[in-house]
Every structure is written in C-alpha cells, then in structure tokens.
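Take a look at the structure set out below.
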Amino acid sequence: MFCSRCNTPFEILPILEGKSKYCKKCGNLIYKKEYNSIIINNPDELSSKQDEEQELRERISKEKEIRFKEQLERKEKEKEFRERLEQERLIKEKEEKEQKLKEIDEQKKALQQQLEEENRVKEEMLKIQLEKINLEKKQEEEALKIKELKKKEQTEKEKKEKIQFALADKERIKKEKKFHLKVEEENRKSEQLLKDQAEAEKKEREKLEQEIVKVENKKKEQRLKHEINETVQIHLTENKENTIILKKKSVLYSNIVLYTLLVIVVVLLTQFLWSTFKSKNTLKNKVVANELVAVDSTPLSPINLELYEDTSFIEQLKFDLLGKEILSWDSIKNNEIKKLTLLSGTENKVSSNYLVSVNIEDMAGTKATAEINLHYNNSILNTMETTKITYSNIAPIYAWYSFKPIPNCAIFINTNNNPIKLKPCDSCTIMKMVSNKETLVTIVNASNISIKSDNKYDAIIEFTYVPIKNN
687 MFCSRCNTPF EILPILEGKS KYCKKCGNLI YKKEYNSIII NNPDELSSKQ
737 DEEQELRERI SKEKEIRFKE QLERKEKEKE FRERLEQERL IKEKEEKEQK
787 LKEIDEQKKA LQQQLEEENR VKEEMLKIQL EKINLEKKQE EEALKIKELK
837 KKEQTEKEKK EKIQFALADK ERIKKEKKFH LKVEEENRKS EQLLKDQAEA
887 EKKEREKLEQ EIVKVENKKK EQRLKHEINE TVQIHLTENK ENTIILKKKS
937 VLYSNIVLYT LLVIVVVLLT QFLWSTFKSK NTLKNKVVAN ELVAVDSTPL
987 SPINLELYED TSFIEQLKFD LLGKEILSWD SIKNNEIKKL TLLSGTENKV
1037 SSNYLVSVNI EDMAGTKATA EINLHYNNSI LNTMETTKIT YSNIAPIYAW
1087 YSFKPIPNCA IFINTNNNPI KLKPCDSCTI MKMVSNKETL VTIVNASNIS
1137 IKSDNKYDAI IEFTYVPIKN N
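The sequence shown lines up with residues 687 to 1157 when you count with the working numbering.
Printed below as a string of structure tokens:
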C-alpha cells in the first residue's frame, strides 16, 4: 500500500480498536480500526462520505421533525381520547353509583320484606309450635289415660286370672277332696269287708270247733261202745272167731271215721287260708287302684281327632296349661295362649296322653311355638313334657345380632331359604348357611349365637330347640 500524500509504501498491521496508524514520513493518517474493521484513509472518499452524511443528517432531522409533530399530534389525540375516556368513565361511574344506589335501595326493600316475611314465618312457627305443644300435651294426657286404662285392664285381667287360678285351685282341691273321700270310702268299705270276712271266718272257726267237738264226742262214744263190745266179746266165749271178726270190723270203722274227720278239717283250713289271702290281695288292689297315679290294665288306644275339636275340650286343655312352665318360658298366663291345636292322643278308662301344639306370645311381643305331651290320670293333669319349642329371630344386614340359646338342647335352624352368616360362639369361625323346613341345619353345644344376613335385606330365622335326654 502507498500513502495518499507522499506515496510512501506501508504495510497494514493489526492494531487495537480505536487506534490509528500514521505515515512515518509525512505524518498523514494512513488507516485506523473502528467497529472491529480497518478503515484506510482516502480523502476523496471522505469528502463523498461527508456529503452523504450531511444529506443523511438533514434527512434525519427532517424525519425527526416530522416524527415530533406526529408525536405531538398523537399526544394531543391521546389526551383527547383520555379526556373522552375519563368523561365516559365518570359518566359510567355516575351511572354505576346510581345503579348501586338503586340496587342498595332494592336490597334494603328486599331485606325489609324478607325480615317482615321471616317475622311472619316465625310468628306462624311459634303458633304451630304452640299448637304442637298443646297437641303433644293432649296426646300425653290421652296416652296417660290410655296407660291408666291399660293398667286398670291389666289389673282387672290379673285379678280375673287370679280369680280363675283360685277357682281352678278350688276346683282342683275339690276334685282332690272328692278323690280322697272316694278313696277313704273305698278303704272303709274294704275295712268293713275285712271285718265281715273276719267275723265270717270266726263263725266258720266256731262251726269247725263245734264239729270237731262233735266228732270227738262221737269218737268217745264209739270208743265206749267199742270197749263195751270188747267186754261183751271177752265174756262171750262161745265163738272166738266171731269175736275176732267183730274186733276187726270195729277197728276198721273207727279208722274210716278218723280219716274222714281229718279230710274235713284239712279242707276247712285250706278254705279259711285261701279266703284270708284273697281278701288281703283284694284290699291291696283296691288301695293301689285308688291312688293318684292309677294304672289301668287295658291298653291305650288312639283317639279320633275330629271328636275332640270342640272348643270346650280345647279350652279345658288351655285352662290346664295356665300357670305351668315349659322349656325356657315362664309360667303361662291366660292371655299368652294365642292358639292350641291337638295333634294326636291315646287314652283308656283311667289315663290319657295328648300331644298339642301351642302358639304363645307375651306382652313384649316374644313369640314361640311349642309341642307338649300332656299326661292325664283320672281327668287330672299329672305330668307334662315339652318335646320342642321354636323361636323366630331377625338377622340384620349391617350388624350382628347375638343371643344365648337354650342350654342342653339340639338346635335346628331354618333360614327360610335366606343366606345368613352364623357364629356359635364369640371366638368361633363364621359359618355360611341356607336352609328350609326340609333341609334343617343342626348345631350342638352353642354358647352364644350371633347371626347376620348375607343378603340385601333382613332375614327371619327360626330356631327349634329339642331337649337332649341323658341316658
């Protein structure tokens, strides 16, 4: 490269930003580094550049003036727009304030109306509550009256039951007295018979003694005759053979008489002993027959149920059950027997047995059905035995229902085709079961039964208890 002023050659070397390189000979600016580029100094180009820059500057100043004017106009327009917006905003605020004031007035009116309505509703509610309180008081008074009436009815029923029990006891006592009187009369009759038999036996003994005395007297006479005959025969020596024959005849005659007398005495004694033995046996049989538990020799025969369906016989059976205790049920009251059905029966002249089904229900609503064997003797209830009893329990859906079963019984479960869960004790595993009358489920030795429905609804379960007989 050459200097533009003195044409001195030079080389372009790297320099720092903003630094310049001058000619060593004339000191003219050769090049400089600006904007990370080396600019070579050329005065012709500089002048053209300066002109161009001047034009640019003038153009820029004109554009700045135009822009300034545009900005002023823009600002004026913005001011006008802002003023207009501000006016519109103020107008809107006024309108909103007026609207809010209207709404507040309307709300106040609505609140006032609501308060008035609430006060009116409160007054009506107070009136309704007062009416309810008055109705409840009236209902309580009526309930108290009904309770008092029920108590009176209950007391009257209890009195009637007591009177009925007393009458039944009196009738039973009368029957027992009559029975004992009959027994005493029969005992008296049997004693009188024994006395009569003893007197008859005494008379027979006296007769026998008289006959024996007569026989002995006859023997004595015969002996005297025999002695006389012997003396006569001894004195008679005419015919020895005849005397010997006469002696043999007399001895034979006396032996025959003694033998016949002995036979008569033995026969009379046997008759006397047999009559006494027979009288004692008849007395024993009569005493045994007159006891409370009499036994007839005739066998028991089944009854015809159609002949025993009359209400009087059923009512008599119900009356005989009053006050009696059956399996797991306290003494039966008069109003607890809802239905009694005669299932079967056998009887003879003295004793009778009846199998009955009894539906019972107490005041608490507990229901049961029991089968009972009734044993009668001389139309008096002697013993009774419960063969089985059935209770109904509800298996709930969402909870366990627990109860204690009747001890010493086999338990037969009928779920009525409802699936349930069952635990025979608190620590036992859960059993799932479904059963009906034909397919009963049996459990033994259950201490505390818990049941729960295994379905979408509660289930009614029947538990039948049959006593276990110890051999």
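Every residue gets a Cβ at the ideal spot worked out from N, C-alpha and C, and that includes glycine.
request  = Identify whether residue 998 lies in helix, strand or coil by the three-state DSSP scheme.
outcome  = In the sequence shown, residue 998 corresponds to position 312, counting from 1. In the three-state scheme derived from DSSP, where H, G and I count as helix and E and B as strand, residue 998 is classed as helix.
inquiry  = So for residue 1063, helix, strand or coil by DSSP?
reply    = Looking up residue 1063 in the sequence shown gives position 377. In the three-state scheme derived from DSSP, where H, G and I count as helix and E and B as strand, residue 1063 is classed as strand.
message = Quick check: the Cα distance between residue 879 and residue 904, rounded to an integer number of angstroms?
response = Residue 879 sits at position 193 when you count from the first residue of the sequence shown. Residue 904 sits at position 218 when you count from the first residue of the sequence shown. So the alpha carbons of these two residues sit roughly 36 Å apart.
query = What residue range is occupied by the uninterrupted beta strand (DSSP E) comprising residue 1145?
reply = Translated into the one-based positions of the sequence shown, residue 1145 becomes position 459. DSSP places residue 1145 inside the beta strand (DSSP E), whose first and last residues are 1145-1153.
query = residue 1007: buried (16+ other C-beta within 10 angstroms of its C-beta) or exposed?
reply = The residue given as residue 1007 occupies position 321 in the sequence shown. So residue 1007 counts as buried.
key: Presumed contact (8 Å Cβ cut-off) between residue 1083 and residue 1143, rounded CB distance   = For this step, residue 1083 is matched to residue 397 along the sequence shown. For this step, residue 1143 is matched to residue 457 along the sequence shown. Right, their Cβ atoms sit about 7 Å apart.
Simplified DSSP state of residue 1190, which is helix, strand or coil = One cannot answer for residue 1190 here, as it falls past the ends of the chain, which runs 687 to 1157.
message = I'd like to confirm something about residue 1000: is its beta-carbon nearer than 7 Å to some heavy atom of the ligand ZN, or not?
response = As far as ligands go, the structure on display features none, and thus does not contain the ligand ZN.
task = List the endpoints of the continuous beta strand (DSSP E) containing residue 1127.
result = The residue you call residue 1127 lines up with position 441 of the sequence shown. Looking at the DSSP string, the run of the beta strand (DSSP E) that includes residue 1127 is 1127-1129.
C-beta atoms of residue 1024 and residue 1017 nearer than 8 Å = Walking along the sequence shown from the start, residue 1024 turns up at place 338. Walking along the sequence shown from the start, residue 1017 turns up at place 331. No, these two residues do not count as a Cβ contact at 8 Å.
task = With a floor of 4 residues, list each alpha helix (DSSP H) that falls wholly inside the stretch 1024-1055, ordered by position along the chain.
result = Within the stretch 1024-1055, no complete alpha helix (DSSP H) segment of 4 residues or longer occurs.
DSSP three-state assignment for residue 707, whether helix, strand or coil = Stepping through the sequence shown from its first residue, residue 707 is reached at position 21. Looking at residue 707 - three-state DSSP - the assignment turns out to be strand.
ask   = Near residue 687, which residues of its chain fall below 8 Å by C-beta distance, leaving aside the five closest residues on each side in sequence?
value = On the sequence shown, position 1 is the one that residue 687 refers to. Closer than 8 Å at the Cβ level, and outside the excluded window around residue 687, lie 695, 696, 697, 698, 716, 726.
ask   = Cβ of residue 1071 less than 8 Å from any chain B Cβ?
value = The structure shown contains no chain B; it is built from a single protein chain.
inquiry  = Spatial neighbours of residue 1031 within its chain, please: C-beta separation below 8 Å, excluding the five flanking residues on both sides.
reply    = As a first step, residue 1031 must be located in the sequence shown, where it is residue number 345. Closer than 8 Å at the Cβ level, and outside the excluded window around residue 1031, lie 988, 989, 991, 994, 1038, 1039, 1040, 1041.
query = Is the CB-CB distance between residue 1036 and residue 1059 below 8 Å?
reply = Here residue 1036 is taken as the residue at index 350 of the sequence shown, counted from 1. Here residue 1059 is taken as the residue at index 373 of the sequence shown, counted from 1. Cβ distance not < 8 Å, so residue 1036 and residue 1059 don't count as in contact.
key: Backbone secondary structure at residue 811 - three-state DSSP   = Stepping through the sequence shown from its first residue, residue 811 is reached at position 125. Residue 811 falls in the helix class under three-state DSSP.
message = According to DSSP, simplified to helix, strand and coil, what is residue 797?
response = The residue given as residue 797 occupies position 111 in the sequence shown. Residue state, collapsed to three classes: helix.
key: Contact under 8 Å by Cβ, residue 1088 with residue 1134   = Taking the sequence shown and counting its residues from 1, one reaches residue 1088 at position 402. Taking the sequence shown and counting its residues from 1, one reaches residue 1134 at position 448. Yes, these two residues count as a Cβ contact at 8 Å.
ask   = For residue 927, does the count of other Cβ atoms within 10 angstroms reach 16, so buried, or fall short, so exposed?
value = For this step, residue 927 is matched to residue 241 along the sequence shown. With a pLDDT of 49 at residue 927, under the threshold of 50, the modelled position of this residue cannot be trusted, and the question is left open.
request  = Can you grab the Cα-Cα spacing for the pair residue 967 / residue 900, in whole Å?
outcome  = Sequence index remark: in the sequence shown, residue 967 carries index 281 (1-based). Sequence index remark: in the sequence shown, residue 900 carries index 214 (1-based). Any reading at residue 967 needs caution, since the residue's pLDDT is 45, under 50, leaving its predicted position unreliable; the model's value is listed next. Here the C-alpha atom of residue 967 lies approximately 34 Å from the C-alpha atom of residue 900.
ask   = Who are the Cβ neighbours of residue 980 in its own chain at under 7 Å, not counting the five residues just before and after it?
value = Within the sequence shown, numbered from 1, the residue matching residue 980 stands at position 294. Only weak support exists for where residue 980 lies, its pLDDT of 42 falling under 50; the coordinates are left without a value.
Per-residue DSSP class, three states only, for residue 716 = As a working note, residue 716 is residue 30 in the sequence shown. It is a strand residue.
query = Mind checking residue 1057: buried by the 16 CB within 10 Å criterion, or exposed?
reply = Start at 1 with the first residue of the sequence shown, and residue 1057 comes out as number 371. Buried: at least 16 other Cβ atoms inside 10 Å.
request  = Can you tell me which of 1061, 872, 1022, 741 puts its alpha carbon nearest to the alpha carbon of residue 1046?
outcome  = Here residue 1046 refers to the residue found at position 360 when the sequence shown is read from its first residue. For residue 1046, the nearest C-alpha among the options comes from 1022.
query = Quick one: what does DSSP say residue 1113 is sitting in, helix, strand or coil?
reply = Numbered from its first residue, the sequence shown carries residue 1113 at position 427. DSSP places residue 1113 in coil when its eight states are reduced to three.
ask   = To which residues of the same chain is residue 789 closer than 8 Å at the C-beta, ignoring the five residues directly before and after it?
value = By 1-based counting over the sequence shown, the position of residue 789 is 103. Only residues of its own chain outside the window of five on either side were considered, and among them none has a CB closer than 8 Å to the CB of residue 789.
request  = Tell me whether the beta-carbon of residue 1050 lies closer than 8 Å to the beta-carbon of residue 1138.
outcome  = Sequence index remark: in the sequence shown, residue 1050 carries index 364 (1-based). Sequence index remark: in the sequence shown, residue 1138 carries index 452 (1-based). Cβ distance not < 8 Å, so residue 1050 and residue 1138 don't count as in contact.
key: Limits of the unbroken beta strand (DSSP E) element including residue 1088   = For the purposes of this step, residue 1088 is taken as the residue at position 402 of the sequence shown. Unbroken beta strand (DSSP E) run through residue 1088: 1087-1089.
Residue 841 versus residue 824 - alpha carbon distance = Walking along the sequence shown from the start, residue 841 turns up at place 155. Walking along the sequence shown from the start, residue 824 turns up at place 138. One Cα belongs to residue 841, the other to residue 824, and the distance between them is close to 25 Å.
message = Tell me the rounded alpha-carbon separation between residue 1027 and residue 1091.
response = Within the sequence shown, residue 1027 is the residue found at index 341, counting from 1. Within the sequence shown, residue 1091 is the residue found at index 405, counting from 1. C-alpha separation (whole angstroms): 26 Å.
ask   = What did DSSP end up calling residue 1083 once you bin it into helix, strand or coil?
value = As a working mapping, residue 1083 is identified with position 397 in the sequence shown. Residue state for residue 1083 is assigned as coil, using DSSP reduced to three classes.
request  = Could you tell me which of 1152, 1116, 1115 sits nearest to residue 1128, measuring between CA atoms?
outcome  = The sequence position of residue 1128 within the sequence shown is 442, counting from 1. Among 1152, 1116, 1115, the Cα nearest to that of residue 1128 is on 1152.
ask   = The beta strand (DSSP E) with residue 1138 in it runs from where to where?
value = In the sequence shown, the residue the question calls residue 1138 occupies position 452. Taken as a continuous stretch (DSSP letters only), the beta strand (DSSP E) holding residue 1138 covers 1135-1139.
task = Locate the beta strand (DSSP E) running through residue 1017, then write down its first and last residues.
result = Taking the first residue of the sequence shown as 1, we reach residue 1017 at position 331. Residue 1017 -> no beta strand (DSSP E), and no H or E assigned at all.
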